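Before any comments, here is the structure.
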Ligand code: PGA
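Residue numbers (the working numbering): 857 to 1105.
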């Protein structure tokens, strides 16, 4: 299975800046990349992503989805709406959602379920905070976070994407070492294996200060199946060089 590189633009961009960035990314990918590529954009730009990327090999998605199906939920965006705009993916449970919007494991699990039901692949983020890391609780935390989702989605577990993003590595320039990341990915793989016979096809991405300089080493690890890229996805040359660092299948 190809590795998967996903840009998480967070709350950045404008119509003009996005058009420039996506044109540069698509131009740089003119020769077919060895990996799958997607960008997760802010909701108002989904239509733009759909218009600009439909005839390219780059997929697009959202950064969150409502845990509700439809109705009186002001400000929310449903999974069916994401599907309407051609989203292949949506991030769920990003640490910034957990931290600033009070999302707990059970909400994240329902979001993953909603996405799958609408035909949108959830990219389920797990990761420990610095305090949890220092207390040696990494394994406990990521297993708890993933187990809520596995429990909710059941036999569809093989359809999700997982992203391990240590919170202390996000936007800080402090990347996990390839060995640290691989060790956690192996734990997650084993957990998936216990849940589905098709665990090998679940892509487990690493995220947290992945950049052009450290991507190759991370992407060489056996259980790192791609990257979720924040800051470095906003610059076409950086994003392209991460994509070029992927293992060839
Ligand atoms: P970063 O963000 O690459 O800027 O650290 C990753 C993420 O939050 O998905």
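Even glycine gets a Cβ: it sits at the ideal position worked out from N, Cα and C.
It should be emphasised that the depicted structure is a prediction, and the values quoted were computed from it without experimental measurement.
If you draw a 10 Å sphere on the C-beta of residue 910, you find fewer than 16 other C-beta atoms in it, and that means exposed.
Contact check between the stretch 985-1001 and the stretch 1018-1034: three or more CB pairs, one atom from each, fall below 8 Å, which counts as touching. Looking at the backbone, the Cα of residue 1031 and that of residue 1084 are separated by about 13 Å. Bridge pairing for residue 865: absent [DSSP].
Its Cα nearest to that of residue 921, the residue 959 stands out among 884, 904, 959 and 887. Assignment of residue 977 by DSSP, reduced to helix, strand and coil, places it in the strand class.
Residue 979 has its alpha-carbon roughly 9 Å from the corresponding atom of residue 1061. Look at residue 858: its beta carbon is at least 7 Å from all of the heavy atoms in the ligand PGA. Spatial neighbours of residue 1012 in its own chain (CB-CB distance under 6 Å, excluding positions within 5 residues in sequence) are listed in chain order as 972.
For residue 1065, the closest alpha carbon among the candidates 1048, 995 and 1095 is that of 1095.
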